[in-house]
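Data first, discussion second: the structure below is written as structure tokens.
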Amino acid sequence: MLTACGTVPAPLSPAATGTPQPRSSVTATPSQTPALPQQTEPSLPVAREETAAAATASALYVIGGYDGAGASRSDVFAFDGRHWSAAPSLPLGLNHPAATSLGSNVYVTGGFQANGASSRAFVLVAGTANWRELSPMHHARAAHTLLSLGGRIYALGGRAGAGEVLIPEVYDLAADSWTDLPSMPSPRDHVSGFTLNGLACTAGGRTPATTGAVDCYDPTLASWRSLPALPQPTSGAGGGVLDGVAIVAGGEVATEAALDPTVFLLRGSTWETKPMLSPRHGFALALWAGRLWACGGGSAPGLHPVPTCTSIHP
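For the sequence shown, numbering that gives the first Met the number 0 gives the first residue as 0, with consecutive numbering after it.
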């Protein structure tokens, strides 16, 4: 979850390099089957939390977020399967932004900056060295999800000012314009997101109370529908789809006083639960090289950024 500079620059440090090596899968108990294969991947060059992530065919990107001192960062790191390298930085530092890819380009929206939530939107076009600014969203938002579906980009959920953002919106690439969509049934921030069977879905998050609700926008009907709720509320988790299975991983429990060490998998109409290899919150899942990658995040509630990367296998 770009080859925007053409060739990927040299690695930032020898410690950040390496080829992903399979590790032992984890299971909750010997009786739980099938197991959920997970493995450790090469770590980010630096620790980051409350990041965005996206992937193209050739690279995985981790974008912005907090550093260990709590500063909002503009750094972007790219992994090409061999090592992490510096990709073009954002024009400004952001925490809690959201990202997605469409074709070979990567898009970033929103996030918190020094003066509050942002409505700005950017694209990193493959083969270019700088982010290009797009028309801003109608609604500033951070801690939201950004999803690509049917050649358009959906910004769902988030927080701005004193509360959650009620109105989602969709971006038309050809017109460089945003259009408001019907209000979310349950507006919330720190959501995870995924696209499944033609639906743009949000899962979990804070309303401000932590929820397990899963609400999906149907572009064909221009309306919302609900999927089965997560088995337990979570916020700040990562979301994605792997081989047709929706996955929500990690986050914080309802009290926000502990990490949620769970991976939820939606098979049909039932969520399964498995343990997460390295529980974290404040990261985004991105599908790359046939695996869902979780890079960075916080290793404990609050500001505890780590460089850890793990992946989930089919």
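Cβ coordinates follow ideal geometry from the N, Cα and C atoms, glycine included.
Contact check, residue i vs residue j, beta carbons under 8 Å
i	j	result
G203	P232	yes
Y60	E48	no
P167	A154	yes
R290	G249	no
P306	G295	yes
T50	S100	no
P230	V213	no
D188	G157	yes
G109	S117	yes
Y106	L148	no
A349	G162	Residue 349 falls outside the range modelled here, since the chain spans only 0 to 313, and no answer is possible.
A293	T269	no
P87	A128	yes
T201	S234	no
V240	F193	yes
F76	A85	yes
CA nearest to the CA of residue i, picked from the options
i	options	result
R224	L198, V247, V305 and H312	L198
A141	P186, W287 and L148	P186
H137	Y170, M275 and A174	Y170
A125	L286, S57 and K273	S57
A70	A113, W130, S310 and L123	A113
L35	A173, I152, S176 and I246	I246
V45	A68, G80 and Q38	A68
G150	A256, S84 and A174	A174
R81	A128, P207 and L43	L43
K273	I311, L133, F193 and P207	I311
D259	T269, G243, V244 and G281	G281
T321	T206, S222, D74 and A293	Absent from the model: residue 321. The displayed extent of the chain is 0 to 313, so no value can be given.
E271	V244, A293, G297 and A283	V244
S73	H143, P96 and A53	P96
G211	A77, Q38 and E251	E251
A285	A257, A236, A256 and G297	A236
L256	A221, A283, G297 and A159	Leu is not the amino acid found at residue 256; the sequence shown has Ala there. Closest by alpha carbon: G297.
R131	L172, D242, A159 and H143	L172
G160	S222, T39, D242 and F111	F111
H143	D242, A283 and W287	A283
D242	Q38, L133 and A288	A288
Opening and closing residue of the beta strand (DSSP E) in which residue i lies
i	result
W130	First-last for W130: undefined, no H or E at that position.
E40	Q37 to E40
S222	S222 to L226
A98	A97 to L101
Y151	Correcting the residue type first, residue 151 is Arg in the shown sequence and not Tyr. That run of the beta strand (DSSP E) goes R151 to L155.
D79	Neither: D79 is in no beta strand (DSSP E) and is coded neither H nor E.
A173	It is not in any beta strand (DSSP E) - A173 carries neither H nor E in the DSSP assignment.
F193	S191 to L195
N104	N104 to T108
F121	A120 to L123
Y60	L59 to I62
G235	It is not in any beta strand (DSSP E) - G235 carries neither H nor E in the DSSP assignment.
F263	T261 to R266
P274	T269 to P274
R47	First-last for R47: undefined, no H or E at that position.
L314	Absent from the structure is residue 314, since the part of the chain shown begins at 0 and ends at 313.
D74	Run containing D74: none; DSSP gives neither H nor E here.
V244	V244 to A248
L198	L198 to A202
CB-CB length for residue i against residue j, believed under 8 Å
i	j	result
M183	L165	6 Å
G238	S191	3 Å
A120	I62	About 13 Å separates the two Cβ atoms, so there is no contact after all.
Report task. Report yes or no: do three or more beta-carbon pairs, one from the stretch 214 to 222 and one from the stretch 253 to 267, lie closer than 8 Å? Result -> With the cut-off at 8 Å, the stretch 214 to 222 and the stretch 253 to 267 do not touch.
**Report entry** Segment contact, 8 Å Cβ cut-off, at least three pairs: the stretch 295 to 306 with the stretch 84 to 99
**Finding:** Flag = no, the stretch 295 to 306 and the stretch 84 to 99 do not touch.
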